[in-house]
Amino acid sequence: MPGRGAAARRAQPVESLGAEQKERRVSQYVPCPRCGCDQAAKVSFTWWGGFLGPSLFHHVRCPGCGTTFNGQTGRSNNTAITVYLVVGGCVGVGLLILILSLL
Ligand SMILES: [Zn+2]
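Just remember that the working numbering sits 6 ahead of the position in the sequence shown, which is counted from 1.
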């Protein structure tokens with residue numbers, strides 16, 4: 007296959023914009039509610055929500071103290087996590103009952 011990958015990877019015009027943003031590398035999330043660190047980073051995977059949960063709740067982790075919280079509200083995600091687990095559990099049980107009733 008000669009001439010492969012002609013337009014596969016186009017140069018990103020956003021590159022200059024990204025460099026500008028790097029100068030003031032303040033996180034896009036609210037500062038840590040515990041230590042005030044503003045470098046919180048997105049959490050992509052958690053035991054309780056897989057890949058979906060953390061992105062649903064803007065789940066971020068503070069690199070300073072390790073606290074995880076909602077990057078948009080600055081509040082703990084514990085309530086949301088609990089609801090997520092309970093709802094997930096109910097849906098699971100509901101599906102199980104549904105499947106069992108169909109047998
Ligand atoms: Zn912190």
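Backbone N, C-alpha and C fix where the C-beta goes; we use that ideal spot for every residue, glycine too. These numbers were taken from a predicted model, which means no experiment stands behind them.
CB of residue i within 9 Å of CB of residue j, strictly
i, j, result
"Val36", "Thr79", "yes"
"Ala86", "Pro69", "no"
"Val89", "Gly77", "no"
"Thr73", "Cys96", "no"
"Pro60", "Thr52", "yes"
"Trp54", "Leu91", "yes"
Sheet register partners of residue i (DSSP bridge)
i, result
"Ala86", "Beta-bridge pairing links Ala86 to no other residue."
"His65", "Asn76"
"Ala47", "Arg67"
"Gly56", "Thr52"
Any heavy atom of ligand 1 nearer than 5 Å to the CB - residues listed: Cys38, Arg40, Cys41, Cys43, Cys68, Gly70, Cys71, Thr73
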